[in-house]
Structures are given as C-alpha cells and as structure tokens.
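The numbers in my numbering rise by one with no breaks, and the one at position 58 of the sequence shown is 68.
Okay, structure first, notes after.
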Amino acid sequence: MPDYPKPHIPIDPVLDADLFGGKDPPVSSVLDVAHVRHVTSGRMAIGLALEQMDVRAGDQVLMPAYHSRSMVEPVVAIGAEPVFFRVLADGRADLDDIAGKITGRSRVLVVVNYFGFPQDLAAIRAFCDDRGLLMLEDCAHAFFGESAGKPFGSHGDYAIASSMKFFPVCDGGCLLSSRHPLHHVPLKSAGVRFELKMLVNAFEKAFAYHRLTLLSVLLSLPIRLKNRVWKLFKTFRRSTSAPLAPRASEGAFGFEKEWLDKRCSLVSRTILRNASIFRLWTARRDNYLRLQAAFAALPGCRPFYAMLPETVCPWVFPVVFDEPEAVFSRLKFAGVPIVRFGEFLWDGVDRTVCSISVDLSRRVLQFPCHQSLTTAELDWLIATARTTILSTAKTDAVA
Ligand SMILES: *Cc1c(COP(=O)(O)O)cnc(C)c1O
C-alpha cells in the first residue's frame, strides 16, 4: 500500500470543547434498546452475540458479500462458516438469494444498516421468523436513528454497535438485545493500564488535530513524561506482556479472543453517557447535507443515496465513483481522509458470489461528516475534493 500522508483533518470524531452540551431534545439511539452491554469494540460484540445465540463450530452464518473483514473474523474464530449472500445495488439484502442459501446448518442472518441507513428491517425480521433464523442486526454504522418507529438495534434478536465510529473514543462497542437480557454476560475490567491508555489516547488524538490546545499545553509535560516511563516499562516487560489495548483501537481488522470478556473503558463509557447526542446528530446531518450539495454537480460521481431521510444520522457520506482508483489515491495524497468500506473482502468473495458487492467495495468511497469537523475543515474538505475530482476527470478525458 502506498505511503499516504496523515490526513489533514480527523477521519473520526475527536475530543473537543463542545463535547458536553446542555439539555437537548432526545434522539433515538441504540442505547434505547432494552438490554445493552458495553464492550471494547463492535467485533467483540459480534463474538458475544454469536455466543449468546449458541452458534458453534460447523454452524453457518449468513453474511452480506459487502462487508468488513472485522465482521467475519468473530464468526470464523468460533469455527462457524460464513456464507455470503448477495446485496442489491442500493445495499439492501437480497432475500431471494438468501432463501436459496439456507441449509440445515444455517443459524443466523447478519444484516448491516450501511452508513446509518436502514435495511428493510421489518421484512427481514419476518423472513427470519418464517425460516427459523436468528437475526443479528449490525448497527456499526447506525448508532443513532430509527427504522419503522423503533430505534436501530431493536429489530434483531441481537444487535451490535461500534462506539468508536460515532464518539471521540478509542475503544467501545455495544452488545444489544431488545428480546434477551444480557446482564449475565460476564465482563471484567481490562485493568488500570488499559484504562489509562484509552484516556491518554483520546486526548492525544485530539491534540494531533489541534483540539483542546490550552489543555494540551497543560498536559504536554505529563504526556512527555508518560512516553518516557512507557519506554522504560516496555523495555522491562518486553515480549511476555500482553497487548495493552485491542488492535481494533488502532483501526486494525483482527479479532483477539482475549478481549471478548473485557468491559469498555471508563473514559469511553463516560463520554458516551455525557456527550451531547443532539449536537452529534445535527452536526452529522448538517455536514452530510453540505457534502451532498457540494458533490451534486461533480463529474464521474454521485451520492450513494439520493436523499437523507429524517430518521437517519449518517456515519459517513458515501459517494459512487465511475473510475475510483485514480481519484482514491489522489485524494489520499491530498490528505483527505477517506474510508472505503469493504475494501478488503473475505477470501473467496468475488464476482461469482456477488458482482454488485465487488463493485461497491471498489467504487463507493466515503467522506467523513462527523460532528468534530469544524466549518473550516469541512470547507477545506469540499474544496480539496472538488479540485481533485475535477482535475482527475480532466486527466482521464485527455488520456
Ligand atoms: C466497523 C464495523 C464493525 C466492527 O466494529 P469495530 O468496533 O471496529 O470492531 C462491524 N460491522 C461493520 C459493518 C463495521 O463497519
């Protein structure tokens, strides 16, 4: 992979001074689901949900061919077999294809509310009930919002969410169920060093993007000191020590079983409990709508969704490109933070399985619309994306 520069603006939410708002009107979120447990990542929540559903080695789990590897790892880790079904061009699960893939070993159907937009959850619920499948609702992109009058996460037998995609935290995922209590799921603290690391990392991420500058000055000494102590510490502990934080915290895909029974860090839970979710909701929607307006007239690309429904709080702004490759790397080199969901599909998921998924994984690029972007950063993002896309289109026309 090319050596892209550090993004010029934050790709994910970062801590800032406006984090804790006043009293705001409530908005729907997965935290409204009856039973909620906070773990260290969305993928750990998937692992625990599979355990709760008693999925075992040899069972089959039906999963969308348009996916992230981190969703598949927990399935494979317990020895179950992922069976990939097709999605339609708009990302909806292809129920006809699923029907043809059900066997005596099929136990669970996983559906993803991509980018914060709902699947046809009532129809999928009925489908699962008819066929004796359990439904796992993946709300990693849909922490906020609702579908058919119910918050995301309440349609599945179990559901999961990823706090890291919506809040300025370095760990966090939710195991959810509207049907089954979860209090018996054993979770324990990952220890003081983990708690400290999650706290320090959240601040460091903010400092890296010039947030909380006064505080950063005040804390700069302790952090430098911390780095020294850390180095010393590592020298002594070296290879025997277990990793301090799951790799999910650094954006890696892997699934580390030893994090399955660990509780979300205190700092992340505190931020989740106290952040102004109304501000988060409105900022994400406003940013999305600004991006949508700015991209409307650009050549060779179009928003993945024609409109933003009232009940959706987007994770990102997804755009379909006719020729994604050149523009993807140019945008990355320009420092524009881009996500390409599904960039690395599970081995064997190719055009014979689902050509639409292969296309989506290549052609849909996502721009950040999170609440921590300042007006100046969004202006920069739009201007840089515009220039890059226009100049790439011109080069293509000449070539
Ligand atoms: C990110 C993601 C996950 C995993 O969430 P983590 O918190 O990163 O472990 C699961 N499903 C989907 C669709 C995702 O995009």
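Beta carbons are placed, not taken as given, at the ideal position from N, Cα and C, and that holds for glycine.
Here Leu-222 is near Leu-25, since their CB atoms are less than 8 Å apart. Residue state for Gln-129 is assigned as coil, using DSSP reduced to three classes. Contact check for Ala-395 and Leu-341: beta-carbon distance about 7 Å, within the 8 Å limit, so the pair qualifies. For Lys-175, the shortest C-beta to heavy atom distance toward ligand 1 is below 7 Å. Closest option to Asn-123, judged by alpha-carbon separation, among Ala-169, Asp-106, Asp-360 and Arg-117: Ala-169. Glu-205 sits close to Leu-276, with the two beta carbons spaced by under 8 Å. Going by DSSP, Glu-147 is part of the beta strand (DSSP E) stretching over 144 to 148.
Taking C-alpha positions only, Ser-172 is separated from Leu-290 by approximately 15 Å. Residues of the same chain with a CB within less than 7 Å of the CB of Arg-102, apart from the 5 flanking positions on each side, are Gln-129 and Asp-130 in chain order. Residue pairing by DSSP leaves Met-174 without any beta bridge partner. By the C-beta criterion, the stretch 26 to 40 is judged to be in contact with the stretch 150 to 170, since at least 3 inter-stretch pairs fall below 8 Å. In the structure shown, Leu-383 adopts coil according to DSSP, grouped into three states.
Placement of the Cβ of His-380 at a distance of 7 Å or more from every heavy atom of ligand 1 is found. DSSP, reduced to helix, strand and coil, places Val-37 outside both helices and strands of the structure shown, so it counts as coil. DSSP places Arg-350 in the coil class of the three-state scheme, outside both helix and strand.
For a cut-off of 8 Å, the C-beta gap from Val-179 to Ile-281 is around 5 Å, short enough to register as a contact. Residue burial is scored here from C-beta neighbours: Asp-167 has at least 16 other C-beta atoms within 10 angstroms and is therefore classed as buried. In the three-state DSSP reduction, Ser-116 falls in the strand class (E or B). Distances between the C-beta of Asp-107 and the heavy atoms of ligand 1 are all 7 Å or more.
Less than 8 Å divides the Cβ of Arg-273 from the Cβ of Ser-199. Pro-12 and Ser-339 have their C-alpha atoms spaced approximately 8 Å apart. Listed in chain order, the non-local C-beta contacts of Gly-182 below 6 Å within the same chain comprise Ser-173, Met-174, Cys-274 and Ser-278, local neighbours out to five positions each way being set aside.
In this structure His-77 is buried. Its beta-carbon is surrounded by 16 or more other beta-carbon atoms within 10 angstroms. Contact annotation: Val-97 and Ile-366 have beta-carbon atoms nearer than 8 Å. Excluding its 5 nearest sequence neighbours in each direction, Cys-311 has C-beta neighbours in its own chain below 6 Å: Val-329 and Phe-331, listed in chain order. Inclusion of Asp-148 and Arg-117 in the CB contact set at 8 Å is not warranted, their separation being larger than that value. Counting the other Cβ atoms within 10 Å of the Cβ of Val-43 gives 16 or more, which makes it buried. Note: Ala-169 is bridge-paired with Glu-147 and Leu-186 in the DSSP secondary-structure output. Between ligand 1 and the CB of Met-81, the shortest heavy atom gap is smaller than 7 Å. The Cβ atoms of Ile-21 and Pro-347 sit closer than 8 Å to each other.
Separation of Asn-297 and Ala-67 (C-alpha to C-alpha, rounded to the nearest whole angstrom) is 44 Å.
The shortest CA-to-CA distance from Ala-132 to any of Leu-105, Thr-113 and Lys-111 is the one to Leu-105.
Contiguous beta strand (DSSP E) elements confined to the stretch 269 to 352 occur at 311 to 313 and 326 to 331, taking only those with 3 or more residues. For ligand 1, a non-hydrogen atom lies closer than 7 Å to the CB of Arg-53.
The DSSP-derived three-state label of Lys-207 is helix. In this structure, ligand 1 has a non-hydrogen atom nearer than 7 Å to the beta-carbon of Phe-351.
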